[in-house]
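To keep things clear, I will list the structure first and then write my remarks on it.
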Amino acid sequence: MEELISWQDFEKVVLKVGTILEVSDFPKARKPAYQLHIDFGPAVGVLKSSAQITHHYKKEELIGKQVLAVVNFPKKQIANFMSECLVTGFADENGDIVLATVDMPVPNGAKLM
């Protein structure tokens, strides 16, 4: 069983929805990845993220897709790129990532409740 956390622990993690605006290849990443620019609305703005999602997604399919991301981690340098948020997803049976998304459009910056 997973370790139990308190409600206060959960409240520290800020998960928000954002719309992917730009996608580019990330050739300097150790594993195949894209560089994403994601709009989280006026309160957060546009944040960058590196995502190892190349197996299931083509760059052009990602533009306009809403994704769920943690927006309150410290920035993390990945090769020559500064990642500002963590896009969430689930590993499939082969370990390839499937994005966590919403099934209906919601405003950018909406917080997971």
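Note that the numbering used here numbers the sequence shown so that position 83 is 99, with each residue one more than the last. From the three backbone atoms N, C-alpha and C, an ideal C-beta is built for every residue, glycine too.
Local Cβ density within 10 Å of residue i, reported as buried at 16 or more and exposed below that
| i | result |
| --- | --- |
| GLU76 | exposed |
| THR117 | exposed |
| ILE36 | buried |
| GLN51 | buried |
| GLY105 | buried |
| LEU20 | exposed |
| LYS91 | exposed |
| ALA49 | buried |
| LYS32 | buried |
| ALA107 | exposed |
| ASN110 | exposed |
8 Å contact criterion, which residue i and residue j should meet: CB distance rounded
| i | j | result |
| --- | --- | --- |
| GLU100 | SER65 | 7 Å |
| GLY80 | ASP55 | With a Cβ gap of about 10 Å, GLY80 and ASP55 do not count as contacting. |
| ASP119 | HIS71 | No, ASP119 and HIS71 are not in contact; Cβ-Cβ is about 22 Å, not under 8 Å. |
| ALA95 | ALA126 | 31 Å between Cβ atoms; not a contact. |
N-terminal and C-terminal residue of the beta strand (DSSP E) that residue i is part of
| i | result |
| --- | --- |
| GLN93 | 92-94 |
| GLU38 | 31-41 |
| LEU78 | Unbroken run through LEU78 is the alpha helix (DSSP H), 75-78; no beta strand (DSSP E). |
| ILE133 | There is no way to answer for residue 133, as the model of the chain reaches only from 17 to 129. |
| LEU115 | 113-115 |
| LEU52 | 50-55 |
First and last residue of the uninterrupted alpha helix (DSSP H) at residue i
| i | result |
| --- | --- |
| PHE26 | 23-28 |
Closest Cα partner of residue i within the set the options
| i | options | result |
| --- | --- | --- |
| VAL83 | VAL62, LYS91, LYS44 | VAL62 |
| ALA59 | ASN88, ASP41, THR70, TYR50 | ASN88 |
| MET129 | GLU27, SER40, SER22 | GLU27 |
| GLN7 | ALA85, LYS47, HIS53 | In the structure as shown, the chain starts at 17 and stops at 129, and residue 7 therefore has no counterpart that could be examined. |
| VAL122 | HIS53, GLY111, GLY57, TYR73 | GLY57 |
| MET98 | TRP23, HIS53, GLU18 | HIS53 |
| LYS30 | LEU102, ILE113, ALA107, VAL114 | At residue 30 the sequence reads Val, which differs from the Lys that was named. The option with the nearest alpha carbon to VAL30 is LEU102. |
| LYS74 | GLN93, ASP41, VAL86, ALA85 | ASP41 |
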